[in-house]
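See below for the structure under consideration.
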Amino acid sequence: MRTSASPREVPGVLLVDSHKRSVHGPCNRTGKPVQGAILVVDSLGPELYDAIVASSAVICARGGRTGHMQSLCRSRGIPVLRIEPSDLDALPAEVTVQLDRESVVLGQAGPSPHPSTLPPGALDRTESICVVIADATDIRSTNALEPRVHQASSFFVREEFVCFAAGLSPIDALRAGTREAEHYGAAVASEICSMVDELLPGQRLIMRLLDLRSDDAAKITTGDHVDDEPNPELGRHGARWLLHERHYPHAFRALRAHIGKHLGADADRVRFAVPFINDRDEFLLLRRRLGLRYNTPLGVFIETPAAVHSAAEFCASGASELFVGTKDLIQFYLAADRGNHLVSATYQTRHPAVLAALRQAVDSGRAAGVPVHVFALGADLNHYVQHIPTRNLMMCTAELQHLAKARCSLAGQFH
């Protein structure tokens, strides 16, 4: 379908914004990395990691605003536009993605004059920010900001993103026996150590333990069978998978041993958090299975209604901090698949039920003296700061950097 304004312009829906107002480049349909090209795919998946991070923009036909690989794009500042499948097939060799108009122009188009509008003022009302990253370069670029964003006190990375960046296939490695699982753990640890090297004094790194949905796992697993689940979002992943995967404890012990050997005292700057968990029983079972003593810090991700209900029990059971994963939490509270664009209008980041859940999790942590970090999209930052009793937030790298630069520019106007 074409807009009435121009036969060269294809309307779409912007899934991931960027500080860029338009992106022009050649279309890459190969699924392989082509530096600076615009990746054109039906949908985003982990098998496209290298192609995504090499791209200047992504055009797809399916998916929501907060899918797993969309989060990668948000961290890297890579805009993502969704258009109709028939329009995707008809794109020419070169296009221009226009972010303000949420459209793609066939061929070259003039740059948009309109600036991006993220609220820089909200940054000053935060006490700490846990920056969501994909690899060490995100830490380096954040710490290179001038002036420095002092609220950026920690960085958070998903174990699966560490795997993608290092070219590791976690399921293949973990199911090839104890030795391969240990090699896998050491390889992940090596990547973690390179991230720690980029930290400034006082900063720390949190790794969210492996959380691969079966549909994503199947796309990157070659040597072993992955069960085909009817609803992977509600299937065996996160804590429930970690509790059953035979060789993961061997990998985790090797990971911690490698970090301890190579970082020494700085090993304490690396913390871990449990994904997709429901209650204290799962938490205590997993701590025991991973060989962690009670006084060893272990965080928890609050991503389900059951986890919100259990937040106080997590704290009482020794959780060192809580991370509220609003993207999953929203889809479960509102029964709206975050990867399904057909229900995108129902997926509301500021729904009263969602805000009530966020407040409950924060209040539970506060009562126990346990830090709580709430993930916020850049567009929601002001709203969350005003309506949730916390100043400890999580943000994607590119959105934080854009806010910091906008704040700096705004300050320059008054000097």
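Read the sequence shown against the working numbering and you will find it ends at 415, with the numbers running on by one and no gaps.
All C-beta atoms in this analysis are idealised placements derived from N, C-alpha and C, irrespective of residue type, glycine included.
Proximity of residue i and residue j at Cβ, strictly below 8 Å
i: residue 306; j: residue 329; result: no
i: residue 284; j: residue 317; result: yes
i: residue 326; j: residue 375; result: yes
i: residue 82; j: residue 15; result: yes
i: residue 255; j: residue 185; result: yes
i: residue 78; j: residue 55; result: yes
i: residue 274; j: residue 243; result: no
i: residue 96; j: residue 190; result: no
i: residue 388; j: residue 370; result: no
i: residue 65; j: residue 399; result: no
i: residue 72; j: residue 60; result: no
i: residue 289; j: residue 208; result: no
i: residue 216; j: residue 46; result: yes
i: residue 130; j: residue 341; result: no
i: residue 123; j: residue 8; result: no
i: residue 192; j: residue 259; result: yes
i: residue 397; j: residue 138; result: yes
i: residue 286; j: residue 239; result: yes
i: residue 182; j: residue 251; result: yes
i: residue 141; j: residue 401; result: yes
i: residue 360; j: residue 308; result: yes
Where the beta strand (DSSP E) containing residue i begins and where it ends
i: residue 25; result: 22-28
i: residue 343; result: First-last for residue 343: undefined, no H or E at that position.
i: residue 11; result: 9-11
i: residue 129; result: 128-132
Closest by C-alpha distance to residue i, when choosing among the options
i: residue 161; options: 148, 183, 195; result: 195
i: residue 198; options: 375, 133, 26; result: 133
i: residue 10; options: 342, 87, 407, 73; result: 87
i: residue 379; options: 350, 81, 33, 108; result: 350
i: residue 150; options: 125, 315, 207; result: 125
i: residue 300; options: 286, 174, 289, 321; result: 321
i: residue 407; options: 145, 159, 84; result: 145
i: residue 205; options: 312, 77, 156; result: 156
i: residue 51; options: 76, 332, 336, 188; result: 76
i: residue 174; options: 154, 222, 215; result: 222
i: residue 170; options: 211, 270, 31; result: 211
i: residue 270; options: 355, 248, 402, 202; result: 202
i: residue 19; options: 290, 99, 362; result: 99
i: residue 392; options: 135, 324, 69; result: 324
i: residue 355; options: 365, 140, 383, 366; result: 383
i: residue 253; options: 178, 140, 238, 369; result: 178
i: residue 33; options: 193, 58, 22; result: 58
i: residue 381; options: 403, 23, 364; result: 403
i: residue 236; options: 213, 71, 335; result: 213
i: residue 68; options: 337, 314, 12, 183; result: 337
i: residue 188; options: 143, 257, 139, 123; result: 257
i: residue 219; options: 31, 12, 335; result: 31
i: residue 405; options: 334, 143, 272; result: 143
i: residue 501; options: 147, 241, 312, 335; result: Past the boundaries of the shown model lies residue 501; the chain is included only from 1 to 415, so the question cannot be answered.
i: residue 333; options: 353, 108, 314, 345; result: 353
i: residue 367; options: 314, 339, 343, 348; result: 314
i: residue 232; options: 339, 13, 92; result: 339
i: residue 377; options: 92, 70, 319, 148; result: 70
i: residue 335; options: 394, 234, 241, 247; result: 234
i: residue 390; options: 36, 128, 224; result: 128
Endpoints, the alpha helix (DSSP H) within which residue i is located
i: residue 158; result: Careful: residue 158 lies outside any alpha helix (DSSP H), inside the beta strand (DSSP E) at 152-158.
i: residue 136; result: 136-143
#### Entry: Whole runs of the beta strand (DSSP E) within the stretch 39-126, excluding any shorter than 3 residues
The qualifying runs are 57-60, 80-82, 94-98, 103-106.
### Query
Would you call the stretch 279-299 and the stretch 217-228 in contact, with 3 or more CB pairs under 8 Å?
Result no; under three Cβ-Cβ pairs closer than 8 Å.
### the stretch 75-94 in contact with the stretch 32-50 per 3-pair CB rule at 8 Å
At 8 Å Cβ cutoff, the stretches touch.
### Message
Restricting to runs no shorter than 3 residues, where is the beta strand (DSSP E) found entirely within the stretch 271-343?
### Response
Correct list: 299-302, 322-324.
### Query
Which ranges does the beta strand (DSSP E) cover as unbroken runs of at least 3 residues, wholly within the stretch 348-402, from first to last along the chain?
Counting only runs of 3 or more residues that sit fully inside the stretch 348-402, the beta strand (DSSP E) segments are 372-375, 392-396, in chain order.
### Task
Please list the segments of the beta strand (DSSP E) lying wholly inside the stretch 167-248, counting only runs of 3 or more residues, in order along the chain.
Restricting attention to beta strand (DSSP E) runs no shorter than 3 residues, the stretch 167-248 encloses them at 204-208, ordered along the chain.
### Task
For the stretch 161-177 and the stretch 261-281, state whether three or more C-beta atom pairs, one from each stretch, are separated by less than 8 Å.
The stretch 161-177, when compared against the stretch 261-281, does not touch it at the 8 Å Cβ threshold.
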